[in-house]
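These protein sequences, in sequence, are chains A and B. Be aware that the first sequence starts at 1, since it is given in full-length UniProt numbering, and climbs by one per residue. Be aware that the second sequence starts at 1, since it is given in full-length UniProt numbering, and climbs by one per residue. All residues carry an ideal CB built from backbone N, CA and C; glycine is no exception. Accompanying notes for the structure given below.
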Amino acid sequence: MSRLDKFLAGLRLRSSTPSFEVGDEVPVFVTGRSDDGLLVRVGDTVLELPDADPSLLDAKVRIEIESFDESTHRGTARVVEVLQNEG
Amino acid sequence: MSTSTDESTALRFYGGRAASAIPIAFFILWAIVQSGLLGIGDTSGLIVGILVGLIVGMFFVRGSWKTYADILFDGMTQRVAATAIVAWLWAGMFAETIQVGGFVDGLVWAAEALRVGAALFPAITFILAALLATGIGTGYGTAIAFTALVFPAGVAIGANPVLLFGAILSGAVFGDNLAPVSDTTIVSAVTQDADIGGVVASRFKYAIVAAVFAFAAYLLAGQAMQGTPIAAASTGGEGTALGLVHLASIGVVIVTAVRGRHIVEAISWGIVLSVVLNLLLGLSEASAIVAFEASRESALVQSMDAIPIVGALIVPVDPGGATVSGSLYTGAVGFFPLIVLVLLIVAAAQLMQRGGGFDAIQEFLLERVATTVRRAETTMVLGTAIVNAMITINTAAEIAIAPYIKTIGRRFNINGYRRANILDANTAALGYIFPWGGGLLAGYSAMQRLPDQYEWFTQAMVVNPASVFPFVFHGWFLVAVFLLAAWTGYGREYVSDRASEEVSRV
């Protein structure tokens, strides 16, 4: 990232429900759990991690988006890599 | 966060975790009654408020009171308090030494020569204070220096005192928020796992918007609120212009600080240069900087007074009037009440942390309030505001609230830069808005000495701390920008938006 980009980063109105494409790989914190497994909230968008290890709650991981519904802002993803797990 | 789970050191209160806030809550109530309702701007009075609060809080402790007392000691010995104290003492000595060197007369001369009238003065002061604070990284130091030096110059040419004090505090807010070497900037970046350079770069988009509005507001208010110039003040001329050489003293501080030297070193060089300039150019007597005012009846005093150089520092006075005086003395001594106050406040904050008061607030906010990303960001802004109202030393407040900002922000994958910006901007802003805030009281402490220094400066020109808060325009606009940004998503970034920077950071 260039120096100018650092100044300009985030200079826009960012949605409270960000969208993802299937196949996207992004870093996120695992933010909660549901009956079906772990959850990742990115803003008000919710991604489910059905097969993830429960010990990854609060860990920083890289996930790959497997499905995403634009209308409900929900999707599923799988953990590709654990980046940081303090707990 | 040092919430102890060890039973022997756990601090528990009758009334639950919320009761750990009693000392601070009592202090705030006292401050509102004293400064706000009764209009008494006496820092020593606030010390009594926090002392009584600490005693009252002790009666609510379950089990041994020794734990309470031990935590009080732990709290008072924190480094953040020492940092603020050092900034106040050094800035106080520096500002006072420049002042006896005629810098204020120089500023009045310059304002007249450049035709900066009373209407324009607050807006210009805001810009200059912002530049100094950004350069030296201490808003407290800037508030002290500008109140001691620029404030009387502005009042002399007819600027409104309350508006002018607000402009100075606004400049301090700007610098505390943006300066890479500011304590609050560093704390915000480190606690939110973001790099300092990236945090500062990402901060401009908020700070500049608020600053543009603040500048315009000072121009408009300056027009509407200007008073009449004071005839007894400087009338200009060569003699008074000479004090402007102290721009070099200020320049030394800025350059040294920007080069990454510690603020103690930077301001010390400024003090050394200002003393040298005062003596070499005859701007002040040596005894105006340091003087031993000793009894004229003592033979030793008489003989020391006759010695060259040393004698310049000896001032024989009537018996009973013996004291030490001079700019270094008054510059430092003026902050003693505030120093005692800050030690007690950080101790009370430590009690609240160890007693679980902050945890209780976080749980309430996470479960009841921060249910969407907009509400979470709004909560982060308001939560920072609440903690700054309680812990009035901005760096200490920021350290206390930082873990909670991190927890709430991560719950929505808000990235480190955004979290650091919300944390720091609102800390910087509110630390200079609340009438019992450390930054505001630092400026006020410097202002209280002005009636002794200028015959024309009357007690009526001293601004009550409780009346300045509406005029800290940059602070208010900064908070407004962040509330608006939380709602609209302006500047919002998620953890997933800026992958490489955060991941690569150790």
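Extent of the continuous alpha helix (DSSP H) to which residue i belongs
{"i": "ARG375(B)", "result": "373-390"}
{"i": "THR184(B)", "result": "183-191"}
{"i": "PRO161(B)", "result": "161-178"}
{"i": "PRO122(B)", "result": "121-136"}
{"i": "SER303(B)", "result": "299-306"}
{"i": "GLU21(A)", "result": "No alpha helix (DSSP H) contains GLU21(A), which DSSP labels as neither H nor E."}
{"i": "LEU344(B)", "result": "336-354"}
{"i": "GLY243(B)", "result": "Per DSSP, GLY243(B) belongs to no alpha helix (DSSP H) and is neither H nor E."}
{"i": "SER274(B)", "result": "263-280"}
Contacts that residue i makes with chain A (C-beta to C-beta distance below 7 Å)
{"i": "ILE373(B)", "result": "This sequence places Val at residue 373(B); Ile is not what is there. Neighbours of VAL373(B) on chain A, chain order: SER16, GLY43, ASP44."}
{"i": "GLY489(B)", "result": "LEU13, ARG14, SER15, SER16"}
{"i": "SER496(B)", "result": "VAL26, PRO27, VAL28, VAL42"}
Within chain A, partners of residue i - CB distance below 9 Å
{"i": "residue 508(B)", "result": "Shown here, chain B extends from 1 to 506; a query on residue 508(B) therefore has no answer."}
Under 9 Å from the C-beta of residue i: neighbouring residues of chain B
{"i": "THR31(A)", "result": "ARG410, ARG411, PHE412, ASN413"}
Check whether residue i and residue j have beta carbons under 8 Å apart
{"i": "VAL333(B)", "j": "SER287(B)", "result": "no"}
{"i": "LEU440(B)", "j": "GLY475(B)", "result": "no"}
{"i": "LEU178(B)", "j": "VAL155(B)", "result": "no"}
{"i": "ILE267(B)", "j": "ALA91(B)", "result": "yes"}
{"i": "GLY171(B)", "j": "PHE126(B)", "result": "yes"}
{"i": "VAL80(B)", "j": "ILE361(B)", "result": "no"}
{"i": "LEU49(A)", "j": "VAL22(A)", "result": "no"}
{"i": "ALA428(B)", "j": "ALA396(B)", "result": "no"}
{"i": "GLU120(B)", "j": "ILE250(B)", "result": "Correcting the residue type first, residue 120(B) is Leu in the shown sequence and not Glu. Not in contact: LEU120(B) and ILE250(B) (Cβ atoms no closer than 8 Å)."}
{"i": "TYR494(B)", "j": "ASN413(B)", "result": "yes"}
{"i": "ALA143(B)", "j": "ILE168(B)", "result": "yes"}
{"i": "PHE174(B)", "j": "ALA211(B)", "result": "yes"}
{"i": "PRO435(B)", "j": "ALA189(B)", "result": "no"}
{"i": "GLY166(B)", "j": "PHE457(B)", "result": "no"}
{"i": "LEU478(B)", "j": "TYR206(B)", "result": "yes"}
{"i": "ALA95(B)", "j": "GLY416(B)", "result": "no"}
{"i": "GLY16(B)", "j": "GLN34(B)", "result": "no"}
{"i": "MET447(B)", "j": "PHE151(B)", "result": "yes"}
{"i": "SER202(B)", "j": "ALA9(A)", "result": "yes"}
{"i": "THR379(B)", "j": "VAL369(B)", "result": "yes"}
{"i": "residue 507(B)", "j": "GLY311(B)", "result": "Coverage of chain B is limited to positions 1 through 506, which leaves residue 507(B) absent and any answer about it impossible."}
{"i": "SER20(B)", "j": "LEU351(B)", "result": "yes"}
{"i": "GLY106(B)", "j": "LEU244(B)", "result": "yes"}
{"i": "VAL46(A)", "j": "ARG74(A)", "result": "yes"}
{"i": "ILE289(B)", "j": "THR97(B)", "result": "yes"}
{"i": "ARG296(B)", "j": "VAL317(B)", "result": "yes"}
{"i": "ILE50(B)", "j": "PHE27(B)", "result": "yes"}
Residue range of the beta strand (DSSP E) that includes residue i
{"i": "SER67(A)", "result": "60-69"}
{"i": "GLN84(A)", "result": "74-84"}
{"i": "ARG498(B)", "result": "Looking at the DSSP string, ARG498(B) is not in any beta strand (DSSP E), and its letter there is neither H nor E."}
{"i": "LEU47(A)", "result": "45-49"}
{"i": "VAL324(B)", "result": "323-325"}
{"i": "ILE50(B)", "result": "No beta strand (DSSP E) holds ILE50(B); the alpha helix (DSSP H) holding it covers 43-58."}
Residue i to residue j span [Cα, whole Å]
{"i": "GLY101(B)", "j": "LEU280(B)", "result": "11 Å"}
{"i": "GLY237(B)", "j": "GLY227(B)", "result": "Legend: pLDDT at GLY237(B) = 48, less than 50; position of this residue unreliable, no value from coordinates given."}
{"i": "GLU285(B)", "j": "VAL276(B)", "result": "11 Å"}
{"i": "ARG115(B)", "j": "TRP109(B)", "result": "10 Å"}
{"i": "ALA466(B)", "j": "ILE401(B)", "result": "25 Å"}
{"i": "SER234(B)", "j": "GLY326(B)", "result": "Caution applies to SER234(B), whose pLDDT of 48 falls short of 50 and renders its modelled position unreliable; the value that the coordinates give is listed next. Their Cα atoms are separated by approximately 22 Å."}
{"i": "THR191(B)", "j": "ILE24(B)", "result": "24 Å"}
{"i": "TYR68(B)", "j": "VAL52(B)", "result": "15 Å"}
{"i": "THR240(B)", "j": "VAL272(B)", "result": "22 Å"}
{"i": "TYR444(B)", "j": "VAL463(B)", "result": "8 Å"}
{"i": "LEU11(A)", "j": "TYR490(B)", "result": "7 Å"}
{"i": "ALA194(B)", "j": "ARG498(B)", "result": "11 Å"}
{"i": "TRP88(B)", "j": "GLY438(B)", "result": "10 Å"}
{"i": "LEU382(B)", "j": "GLY39(B)", "result": "27 Å"}
{"i": "LYS66(B)", "j": "GLY137(B)", "result": "39 Å"}
{"i": "GLY356(B)", "j": "ALA118(B)", "result": "50 Å"}
{"i": "ASP452(B)", "j": "THR184(B)", "result": "34 Å"}
{"i": "PRO161(B)", "j": "MET461(B)", "result": "6 Å"}
{"i": "LEU37(B)", "j": "THR43(B)", "result": "15 Å"}
{"i": "PHE20(A)", "j": "ILE65(A)", "result": "7 Å"}
{"i": "TRP269(B)", "j": "ALA480(B)", "result": "38 Å"}
{"i": "THR17(A)", "j": "VAL48(B)", "result": "50 Å"}
{"i": "SER303(B)", "j": "SER274(B)", "result": "29 Å"}
{"i": "PHE469(B)", "j": "ARG375(B)", "result": "26 Å"}
The region 193-214 of chain B: positions lying closer than 7 Å to chain A by Cβ: GLY198, ALA201, SER202, PHE204, LYS205
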